[in-house]
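Report on the following structure.
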Amino acid sequence: MRGKALPWIFVLALTGTAILAAACGTRAPTPHPTAPPKPGEPTPTATPTTTATPITTPTPTLAPTPTPPPSLRLESARAHQRNGHYEAAIAECEAILSGPATKEAAEARFLLGQNRLLNGEYQSAIEALQEFLRAHPWDQRRPQAHFLLARAHQSLGNWGQAIVHYRQYLARRDVVAGYVNELIGDCYVNLQDYLSAIAAYEKALREAPLASREFRLREKIAQAHLGLADYEGAIARYEAILARARKYGYRAEIEYLIGRAYQEWGKEEKAHQHFLEAVNRYPRAGYAYLALVELVEAGVEVDDFQRGLVDYYAGAYEPAIQAFKRYIEGGPRGRLGEARYYAGLSYREMGRHTLAIREFDRLVEAGGEMAGQAWLEKARTLAGMGRREEAVSTYREFARSHPRHELAEEALWRAAHLLEEGGHYDEAASTYLDLWQGYPQGKRAAAALFRAGLCRYRRAEYEGAAEAWRKLLGGKPELRSKALFWLGKALLRQGRAEEARAR
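The numbering used here puts the first residue of the sequence shown at 331, with every later residue one more than the last.
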C-alpha cells in the first residue's frame, strides 16, 4: 500500500494462536531417603540418572493478512479524499483496478481521475477520466467527468479542450451553468477571443445569484471590452458597477479602473478626474494610493492634506509627513488640526516619538476639535516609549480637566488598563471605579466595574471584589454570568461555601 496506513488495517486482526516462547528446562528427580548400610554389608552403587531431553515447541506459522475487498477499499478511498489524503485515495483506487473486474471499477476510475486532479496531477487525471468515459459509456457520472476533464485541461493551459468539455458538461447538466459559463469566458480570454468571452460572461451574468458574482462578471466583461480596444464599452460597464456598488474600497477600485481605461484611450484629463475622485473620496482605500501615484507621475496638482492622508493610510509615512508639512506651512487652512494630528501619527509609526508628541502638544495647546484625540494619542505614544507613569498621568489629567468631553471616559479606561497591565491593581481598581462612578451610563461603565472587581480579587480583597460584582447582577447578561462566576470564587475564598453554592 505504498507505506500508507489504511483504515481497514485497523479493522482486521492477525489470526492464529499465540506464540509460545518458553522453553522446557531440565530438572533432576527428587531422591528418596535410604537406610544407612549395616556393618559388613557392601555399599550399594548408585545408578546414574538419565538427563531429560528438552522438548522444542514449533513456532506457529501466521496466517497471511487478508486482502481487503474492493468495497472496503472504495470506502477507504472516499474517506481519504474527504480528509485531503489524495495520494492514499489514488493508491486504493489503483489497487481495485489492478485486481479482477468488479462492480466497483467504475467508481474507482472516476475517483482516480478526481483525486489525481485534486492532487495536481493534471495529465494523469486526464488519462484516468478519458479511460472512465471509454469504459463506462452509460454511467451517470459522465457529465461530472467532462467537467473534471475541463478543469484539468484548463489547469494545463489547454483552453480549447477545456471549452469542449465544459460545453459537453452543459449539454448534459446545467446545475452550475452560470459558474461554467464564467469558466468558458475565462478560457476565451486566454485565447484572446474577447467577443466569445463576452458572450459567455453575459450568459453567466443572467444566472448570477449573488451580487458579488454579478460585480465580478461585470468587471470581466469590461476587461474583455478593453481587450477589444472598445474603451467606451468598458467604461460603460464600469459605470454600471459604480451605480450599484456600495463598499468603500470597491468604489475606489472602480474609480481607479475607469481612470485606467480613459488613460489607455488617450483621454488623460478624464482619467485624472477619476483618479482624483478616488483620492478625494476614498483616501483610506489601497486603490486611492495607486490613483495618487498616477496623478503625481502625471504632474497633476493634488491637495496636500488629501495627499498626506492617502499616503498615511497606505503606510507611506515619510511622504505623508512631507505633504502635511506643506499643508501646515501654507498658512491657515480649514483642516490644519487634522494635518498636525496625522503628522503626529505618521511620526509615531516611524518611531520618531518625540516629534509625534510635539505635534500632539501643539494641538492640545491650540484647543479645537482635535485636542481631545491629541491628548489620548500623546498618552499612547508615551506608553509606547515605555513611559507608562507619564502616560497614565496624561490620561488622568485629560479626564480631570475635561470631564464632559466625549473621550474622557475612554481616557480613564486606558489609564486603568495600563495600571492593570503593570500590576498596579490597587490604582487600577480605583481608576476603574472612578470611571464607573463618573460615567455610570457610559459604554465602558459595566466593564470597568467588572475589572475593578478582578483587580480587588488579585489583591486578595475578596469582600471588595464581591461588592463590585454584586452590582453587576442586574445588568447585561454577558457580564452578569461572568460576575456570578467570580462572585462565587470570592465567596469561596472567604469561606462562605454555602452562599457561593446558592449563587
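All residues carry an ideal CB built from backbone N, CA and C; glycine is no exception.
The closest CA to that of PHE462, considering only LEU427, HIS483, GLY490 and ASN449, is found on LEU427.
Excluding residues up to 5 positions away in sequence, TYR499 lie with their Cβ nearer than 6 Å to the Cβ of PHE477 in the same chain. With the rule of 3 Cβ pairs closer than 8 Å, the segment 640–652 does not count as touching the segment 597–606. In the three-state scheme derived from DSSP, where H, G and I count as helix and E and B as strand, ASN520 is classed as helix. By the Cβ neighbour-count rule, GLN522 is exposed, with fewer than 16 other Cβ atoms within 10 Å of its own. Sequence-distant Cβ neighbours of ALA701 in its own chain, meaning closer than 7 Å and more than five residues away, are LEU693 and VAL694.
Rounded to whole angstroms, the Cβ separation of GLY589 and ALA559 is 17 Å, and the two are not in contact under 8 Å. CA-to-CA, the gap between ARG412 and GLU405 works out to about 11 Å. Proximity to ARG688 across ALA601, ALA455, TYR671 and GLY697 peaks at TYR671, based on C-alpha coordinates.
Within 10 angstroms of the beta-carbon of THR684 lie fewer than 16 other beta-carbons, which makes it exposed. GLN771: not part of any alpha helix (DSSP H); DSSP gives it neither H nor E.
Scanning the segment 732–819 for uninterrupted alpha helix (DSSP H) segments of 4 residues or longer gives 738–751, 755–768, 775–788 and 792–800, listed from N- to C-terminal end.
In this chain, the alpha helix (DSSP H) harbouring LYS708 covers 701–714.
Boundaries of the alpha helix (DSSP H) harbouring VAL694: 683–696, taken from the DSSP string. As the crow flies, the alpha-carbon of SER542 is around 19 Å from that of TYR586. ALA628 carries a coil assignment under DSSP once its states are collapsed to helix, strand and coil. Residue state for GLY443 is assigned as helix, using DSSP reduced to three classes.
Sixteen is the threshold: since fewer than 16 other Cβ atoms of the shown chains lie within 10 Å of the Cβ of PRO430, the residue is exposed. Spanning the alpha carbons of GLU569 and GLU424 requires a straight line of approximately 54 Å. Of the candidates LEU814, GLU624, HIS495 and GLY794, the residue whose Cα lies closest to the Cα of LEU803 is LEU814. The C-alpha of ARG472 is placed about 10 Å away from the C-alpha of GLN460.
Proximity of the segment 733–740 to the segment 760–775 meets the contact definition, three or more beta-carbon pairs being nearer than 8 Å. Here ALA529 carries a helix assignment [DSSP, helix/strand/coil].
DSSP, read as helix, strand or coil, puts THR724 in helix. The residue among ALA696, GLY681 and LYS550 with its C-alpha nearest the C-alpha of MET715 is GLY681. The segment 651–661 makes no contact with the segment 622–629: fewer than 3 CB pairs, one atom from each, lie closer than 8 Å.
In the three-state reduction of the DSSP assignment, PRO400 falls in the helix class, which pools H, G and I. The DSSP-derived three-state label of GLU434 is coil. Taking C-beta atoms under 8 Å as the contact rule, GLY768 and PRO733 qualify, at a distance of about 7 Å.
Under the DSSP assignment, GLU424 falls in the alpha helix (DSSP H) whose first and last residues are 416–428. Ranking LEU749, ARG786 and HIS735 by CA distance to the CA of ARG717 puts LEU749 first. Under the three-state reduction of DSSP, ALA646 is assigned to coil, being neither helix nor strand.
Between LEU479 and ILE456, the CB-CB gap stays under 8 Å. A direct Cα-Cα distance of roughly 54 Å separates LEU675 from ALA418. When the five nearest sequence neighbours on each side are left out, the beta carbons in the same chain lying within less than 7 Å of the beta carbon of ARG481 are those of LEU447, in order along the chain.
Look at GLY515 here: in three-state DSSP terms it is helix.
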